[in-house]
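Undergrad: Its first residue numbered 20, the sequence shown is counted upward by one per residue in my numbering. Glycine residues also receive a C-beta, built at the ideal position from the N, C-alpha and C atoms.
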Amino acid sequence: MSGRERWLVHALTNGMELSWLGAWATFATVGTMGRPFPLIEATVAFVGAFILTRLSSGKGWRVIWVAAVQAAGLLCASGGILHGLYSPGRLLLDRAWLRDFLGATRRPVDWLLLMLVLVWALVFWIGGVRLAVRPLSYTVVCARFDLGLAAFVLLFLAKLVVAANGGQVDDRIAHLFLLPFFVASLLTIGTIRLRSDGRKGFLSGYRGLGVFLTFTAGALLVAATLTLFSLPYLTLAAEAGLVALKGAGVAVSPPIPRRRLPVTSFRRSRPPGRKAGGWSWPSKSSSGLWGSCSSSQSRPLSDFACTCCSASSGRGRPVAPAIIGRPPLRLPGFGGSGRSWQGCARGSLGYAVRATAIGHSLLGHAGAGSDPPPRTRPRKSAPGSSSGSHA
20 MSGRERWLVH ALTNGMELSW LGAWATFATV GTMGRPFPLI EATVAFVGAF ILTRLSSGKG
80 WRVIWVAAVQ AAGLLCASGG ILHGLYSPGR LLLDRAWLRD FLGATRRPVD WLLLMLVLVW
140 ALVFWIGGVR LAVRPLSYTV VCARFDLGLA AFVLLFLAKL VVAANGGQVD DRIAHLFLLP
200 FFVASLLTIG TIRLRSDGRK GFLSGYRGLG VFLTFTAGAL LVAATLTLFS LPYLTLAAEA
260 GLVALKGAGV AVSPPIPRRR LPVTSFRRSR PPGRKAGGWS WPSKSSSGLW GSCSSSQSRP
320 LSDFACTCCS ASSGRGRPVA PAIIGRPPLR LPGFGGSGRS WQGCARGSLG YAVRATAIGH
380 SLLGHAGAGS DPPPRTRPRK SAPGSSSGSH A
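1. Provide the residue span of the alpha helix (DSSP H) that contains I70, from first to last.
2. In this structure, does DSSP put K178 in helix, strand or coil?
3. How should F196 be labelled, buried or exposed, when 16 other C-beta atoms within 10 angstroms of its C-beta is the threshold for buried?
4. Report buried or exposed for L228, applying the criterion of at least 16 other Cβ atoms within 10 angstroms of its Cβ.
5. I'd like to know if the stretch 85–93 and the stretch 113–131 are in contact, where contact means that at least 3 CB-CB pairs between them fall below 8 Å.
6. Three or more C-beta pairs closer than 8 Å, one from the stretch 202–211 and one from the stretch 152–168: is that the case here?
7. DSSP three-state call for P154: helix, strand or coil?
8. According to DSSP, is D129 helix, strand or coil?
9. Under DSSP, the alpha helix (DSSP H) around Q421 begins and ends at which residues?
10. Closer than 8 Å is the cut-off here; do at least three beta carbon pairs connect the stretch 94–104 with the stretch 131–151?
11. Tell me whether V82 is buried or exposed, calling it buried when 16 or more other Cβ atoms sit within 10 Å of its Cβ.
12. In terms of residue numbering, what span does the alpha helix (DSSP H) encompassing P199 cover?
13. Reducing DSSP to helix, strand and coil, say where D119 ends up.
14. Alpha carbon to alpha carbon, what distance is there between A182 and A236?
15. How should P55 be labelled, buried or exposed, when 16 other C-beta atoms within 10 angstroms of its C-beta is the threshold for buried?
16. Hey, quick one: how far does the alpha helix (DSSP H) through H102 stretch, first residue to last?
17. DSSP state of K78, grouped into three classes?
18. Would you mind working out which of L168, L121, V66 sits nearest A42, comparing C-alpha positions?
19. Would you call F143 buried or exposed, if buried means 16 or more other Cβ atoms sit within 10 Å of its Cβ?
20. How would you label L206, buried or exposed, when you count the other beta carbons within 10 angstroms and need 16 or more for buried?
21. Mapping DSSP to helix, strand and coil, what is L320?
22. Please work out which residues of its chain come closer than 7 Å, Cβ to Cβ, to V63, disregarding the five sequence neighbours upstream and downstream, and give them in chain order.
23. Find the nearest neighbour of A203 within the set F231, V160, L176, V180, judged by alpha-carbon distance.
24. By alpha-carbon positions, which one of L37, F200, R163 ends up nearest to G67?
25. With burial defined as no fewer than 16 other Cβ atoms inside 10 Å of the residue's Cβ, what is the status of G92: buried or exposed?
26. If you count every other CB in all the chains shown that lies within 10 Å of the CB of W84, and 16 or more means buried, which is it?
27. With DSSP run on the structure shown, which of helix, strand or coil describes D165?
28. Can you tell me whether R373 is helix, strand or coil according to DSSP?
29. So, helix, strand or coil for R114, using DSSP?
30. Just to confirm my understanding: we take L121, look at its own chain, exclude 5 residues before and 5 after, and list those with CB closer than 8 Å. What are they?
31. Ignore the nearest five residues each way along the sequence and tell me which others in A243's own chain have a CB closer than 8 Å to its CB.
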């Protein structure tokens, strides 16, 4: 196996181990403390332990020096994880958060939670150290894949047991580690399975196509692995950004009511030619869209303009359509009182008949020398209605 293949397999195995360890650590801290485990600091601790062990092993160092380097690395990793969990908004090199952390008063429950966090920091560090000294063989990688898969199965069973007993764990991140675990594991197993020390080359005539396909497949697999592995971290970043946006909105919201537009009272503009008491009829001879017409021809058009049905007072039932500026229309032959749905339907049917008569009237006067349309005899107005109403 070449050096590049070895580093690729090491990176994929790191992704395998970090996936199931991060899922369990997140579930444990969310269930006990109500906050997610600092995954970025945990990843740095795991990778740092792996690199430090790879650099210190096989160099002829004394055991005391190796132990001192490992202890210093573990101490730094634990401090970073504690900073990410208890003081994420402060600088790591600022000693103020360390003084506040050491001087805080804690209950027995808080001490237990602190011990849990330190145990998880130790687990991540030991995982990186053991991965650095573990041989890269097909059997070992398959065994680690089985272990990680069993860890995810136990995690989902634990969630199921908690939900069945009436508990609730607001863990929206742990299950996101399952996809990168599968992708990294399958890539690692396939790479180790197909490795060989023989010379590799492309077939004659297919070198360009082989280079293109190899580069494309490798880029897609690496991008997919990094994206899936970064999905939990992106989820945490999105939640933090949402909290920041809410805080910014709360800070900006007080000046908004002072900048509201003044409330103005609008008055309905009265159309030209309309009086306060009703609708003024057109002049005796007016020209418009239909040309020149007399008042006898313009009145049916005015009569046909009607308003929508409005709710009756206190009963929520529709009233028959009313002519603009006139009392409710009562057509001869329909007898609708205008106080029920039947009266409204009859009034609508009367309007349809009136529209047909208007159309015939307009078509009849369009040609020169045609006879004027027959005029309907006006009906006597009801008591209390306007004297200018026409049938």
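TA: For this structure:
1. 58–75
2. helix
3. buried
4. exposed
5. no
6. yes
7. coil
8. helix
9. This structure leaves residue 421 out entirely; the chain is present only between 20 and 410.
10. yes
11. exposed
12. 197–212
13. helix
14. 41 Å
15. buried
16. 82–105
17. coil
18. L168
19. buried
20. buried
21. Since pLDDT at L320 reaches only 42, below the 50 mark, its modelled position is unreliable, and no value is offered.
22. G99
23. V160
24. L37
25. buried
26. exposed
27. helix
28. helix
29. helix
30. none
31. V202
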